[in-house]
Amino acid sequence: MVIRCAVALAAVAACYRPSPPNGALQCSLDGQCPDGYRCAADSTCWRIGADLGDAGIDAAPPFTRAPQPISPRNGATTGSVKAARSRRPLFRWRPLPEATSYEIQVDDSCDPAAFRSCAFSSPEASETTSASSLRLSAGLAVATQAPVGRRYYWRVRGCGDAICTPWSEVRYLDVGRNSTDYTGNGDSDLVVGNAGASVNGTASVGAAYVTLGMPLTLALTPPGAAFGDHYGYATVSAGDVDGDGYADLAVSAEVIDQSGHVHLYRGGGNWPTATPSQTLPNPEGQTVAFFGHAMVGGDLDGDGRSDLVVGAEIEDGVGVFSDGKVFVYPGEASDPDLPALPRWTLENPGRQEQGYFGNALAIGDFDGDGYADLAVAARQQDAIGRVFVYRGGPAGVAAPPSATLDDPVITSNAGFGYALAAGDFDGDGYADLAVAAAFEAGTAGPQVGRVHVFHGGPGGIAARAMPWRSLDNPTGQANSIYGWALLAADFNADDADDLVVSATYQDTAAGRVYVYHGDPTGLPALPSQTLNDPAPANNNDFFGYALGAGDRSPGDGFVDLFVGAARDAGVVYRFDGSPTGLPAAGAIEIAGGSVPGGDLGPSSLSSAPP
Numbered sequence: 035m036v037i038r039c040a041v042a043l044a045a046v047a048a049c050y051r052p053s054p055p056n057g058a059l060q061c062s063l064d065g066q067c068p069d070g071y072r073c074a075a076d077s078t079c080w081r082i083g084a085d086l087g088d089a090g091i092d093a094a095p096p097f098t099r100a101p102q103p104i105s106p107r108n109g110a111t112t113g114s115v116k117a118a119r120s121r122r123p124l125f126r127w128r129p130l131p132e133a134t135s136y137e138i139q140v141d142d143s144c145d146p147a148a149f150r151s152c153a154f155s156s157p158e159a160s161e162t163t164s165a166s167s168l169r170l171s172a173g174l175a176v177a178t179q180a181p182v183g184r185r186y187y188w189r190v191r192g193c194g195d196a197i198c199t200p201w202s203e204v205r206y207l208d209v210g211r212n213s214t215d216y217t218g219n220g221d222s223d224l225v226v227g228n229a230g231a232s233v234n235g236t237a238s239v240g241a242a243y244v245t246l247g248m249p250l251t252l253a254l255t256p257p258g259a260a261f262g263d264h265y266g267y268a269t270v271s272a273g274d275v276d277g278d279g280y281a282d283l284a285v286s287a288e289v290i291d292q293s294g295h296v297h298l299y300r301g302g303g304n305w306p307t308a309t310p311s312q313t314l315p316n317p318e319g320q321t322v323a324f325f326g327h328a329m330v331g332g333d334l335d336g337d338g339r340s341d342l343v344v345g346a347e348i349e350d351g352v353g354v355f356s357d358g359k360v361f362v363y364p365g366e367a368s369d370p371d372l373p374a375l376p377r378w379t380l381e382n383p384g385r386q387e388q389g390y391f392g393n394a395l396a397i398g399d400f401d402g403d404g405y406a407d408l409a410v411a412a413r414q415q416d417a418i419g420r421v422f423v424y425r426g427g428p429a430g431v432a433a434p435p436s437a438t439l440d441d442p443v444i445t446s447n448a449g450f451g452y453a454l455a456a457g458d459f460d461g462d463g464y465a466d467l468a469v470a471a472a473f474e475a476g477t478a479g480p481q482v483g484r485v486h487v488f489h490g491g492p493g494g495i496a497a498r499a500m501p502w503r504s505l506d507n508p509t510g511q512a513n514s515i516y517g518w519a520l521l522a523a524d525f526n527a528d529d530a531d532d533l534v535v536s537a538t539y540q541d542t543a544a545g546r547v548y549v550y551h552g553d554p555t556g557l558p559a560l561p562s563q564t565l566n567d568p569a570p571a572n573n574n575d576f577f578g579y580a581l582g583a584g585d586r587s588p589g590d591g592f593v594d595l596f597v598g599a600a601r602d603a604g605v606v607y608r609f610d611g612s613p614t615g616l617p618a619a620g621a622i623e624i625a626g627g628s629v630p631g632g633d634l635g636p637s638s639l640s641s642a643p644p
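Numbering (the working numbering), first residue to last: 35 to 644.
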């Protein structure tokens, strides 16, 4: 133990002993402390004026605890390697009352398998601030060849009166990497699913069309393509499940008995291959289960590899028909593929027949502990709908749920949880949760729709919490189904996520999309932008049928919005993000070109959690 003599401080009669590493200041052997501190009953130095409690040591002495990081969470990505701002991450943590400054260290040389014990022997960045957040002053170095970007690790400590706290826990993030970049070149690779496409004359096989450029250049079809596969019902980024720097793609197929399969295509320089690297069948083998109708990827256990979450909304529970289940497949260091069987299975907490638990999924760090949390909807629970929130942690997904969320309006057949989206809408570092009650009635009639937003914070989303915001259908139009699809992303790069809400049946199914800009005060009551079909054909365009997001070429660091319309053979539009948000006009149409069956879709558009 290092013994320090504070000879410059007149109030110190002898040496005092700081506990390694830079922890609570211990009194000297003769019970003395530096000027401004006094020795408590536990032989630690307390600031004069601090409340010691009845026993003298009830509260924590100064500087025994490290700051609590808030964001980025483990597994977060910063965007494009081509955009300088995205190489300067913004770090946030909870302030300490005793700290007058904070030091941030960022390092890329930690052992990926043991990064939590990293010593930061040669940090690439070390900066100080008096605030409880910091954006690095200079961009971090990243690889410019595939896979572009680089994984970094970070930690923070607080300091004051020449004393510093221990370092915080170590977290990781991927700098200059795009979570929908499967080829590793820095640009998002949009995948468009069309579960109804014909292939080589066989109907309802399904296909997933890949945009390595514009227009679509190739299509993926299921192995052993057969009638009724309905491949492409859902297409999502699974995240980087094997930790190789490339995002991986998951595509689901109903298959003829509707048990459901999920096909995994691992990213890489030759992506995509015609054959998936892995196919996951329904782990319980149940027919008519819809395994794969909802999927999401994220690092729930904070081990450096993304996990894949798969919903089976009409999977049977024990003695319960169609209550629904959710299966979680962890990424593993020992195997580039996912395990053949799920490690965690979540069952409908209400054990309710036809509750459809798992119809929609979202991940976000709602409590700022660094681990992605999971939100699961049961859109027909109690004939209204319900949402359950599960905390992530070192042991994976924790059951039972930490919070149960109810529709505050309590309207029968409201479809509360029909769609979900997690995003940090006020830029405080904690993810918030948007829940669509797409069929909620309004004054004009049935199926008007409403979106309820629940606020994240240090304790996460509280059980039975009332919504932080409730967004009404801007037109109040009956049968418009406002909340058909939701998406959260930061289109103007202002560090607060924006919320996209589609009303696919608005104006006799012409469709409309609303964008709400995030702000430190939260989402506005009225949409910041309204997007309409750039080339409407008729009243059945269904503009907004599917939503996706990513940073397409030239990879400027601003997230772009993809909107699918289901008219005719289907069409997808791209609205480019910018410092002012999305354009009201000038959307880019993604043409289908020559694909099997001649259909573009979309059933789904690939995206990833923000």
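Ideal Cβ placement from N, Cα and C applies to all residues, glycine included. Remember, it's a predicted structure, so these values are computed and weren't measured experimentally.
- The beta-carbon separation of E381 and K359, rounded to 6 Å, stays under the 8 Å limit for a contact.
- Contact annotation: L639 and A580 have beta-carbon atoms nearer than 8 Å.
- Looking at the DSSP output, H264 sits in no beta bridge, so it has no partner there.
- When the beta-carbon positions are compared, A180 and T217 come within less than 8 Å of each other.
- Shown here for D567: same chain residues with a beta carbon closer than 7 Å to its own, the five before and five after excluded, namely A544, G545, D575, F577 and A599 in chain order.
- Looking at T255, Y136 and T245, the one whose alpha-carbon comes closest to that of T199 is Y136.
- DSSP places D357 outside both helix and strand once states are collapsed to three, so it counts as coil.
- In this model, A75 and D195 are separated by some 22 Å (Cα to Cα).
- DSSP places D416 within a helical segment (H, G or I) once states are collapsed to three.
- Taken atom to atom, the span from the alpha-carbon of G326 to that of E288 is near 7 Å.
- Distance from the Cα of P123 is smallest, within the candidate group V285, V344, P643 and R205, for R205.
- In the displayed model, D575 falls within coil according to three-state DSSP, outside both helix and strand.
- In this structure, R601 keeps its C-beta atom at 8 Å or more from the C-beta atom of I622.
- In this chain, the alpha helix (DSSP H) harbouring T542 covers Q540 to A543.
- Membership of S160 in the beta strand (DSSP E) is indicated by the continuous run A159 to T163.
- Under the DSSP assignment, Y187 falls in the beta strand (DSSP E) whose first and last residues are R184 to G194.
- Rounded to whole angstroms, the separation of the alpha carbons of L467 and I515 is 19 Å.
- In the same chain as P373, and ignoring 5 residues on each side of it, the C-beta atoms closer than 8 Å to its own belong to Y363, P364 and E366, in chain order.
- Exposed is the label assigned to S143, since fewer than 16 other Cβ atoms lie within 10 Å of its Cβ.
- The Cβ atoms of V547 and V485 do not sit closer than 8 Å to each other.
- The DSSP assignment places complete beta strand (DSSP E) segments of no fewer than 3 residues inside the segment 463 to 523 at 466 to 471, 484 to 488, 503 to 506 and 516 to 523, in order along the chain.
- Closest option to G611, judged by alpha-carbon separation, among Y539, V534 and A559: V534.
- For D590, the CB contacts under 6 Å within the same chain, skipping 5 residues up- and downstream, are A117 in chain order.
- Annotation: the segment 271 to 340 contains the following complete segments of the beta strand (DSSP E) (minimum length 3 residues), in chain order: 282 to 287, 295 to 299, 312 to 315 and 325 to 332.
- Per DSSP, F525 is not a residue of any beta strand (DSSP E), being assigned neither H nor E.
- In the three-state DSSP reduction, R126 falls in the strand class (E or B).
- In the DSSP annotation of this structure, the continuous segment of the beta strand (DSSP E) that includes C73 starts and ends at Y71 to C73.
- Put simply, the segment 448 to 457 touches the segment 516 to 534. At least three CB pairs are less than 8 Å apart.
- Of the residues assessed, I290 falls on the exposed side of the cut-off, its CB having fewer than 16 other CB atoms within 10 angstroms.
- Closest in alpha carbon position to S222, among G230, S232 and G210, is G210.
- Per DSSP, the beta bridge partners of S536 are A519 and V547.
- Selection A603, T614 and D440 evaluated against D594 yields T614 as nearest (Cα-Cα).
- Between N228 and G220, the gap from beta carbon to beta carbon reaches 8 Å or more.
- Take the alpha-carbon of S436 and the one of D208: they are about 28 Å apart.
- The beta carbon of G301 is closer than 6 Å to those of Y216, Y280, A281 and D282 in its chain, skipping five residues each way along the sequence.
- Straight-line measurement puts the Cα of S562 at about 26 Å from the Cα of A409.
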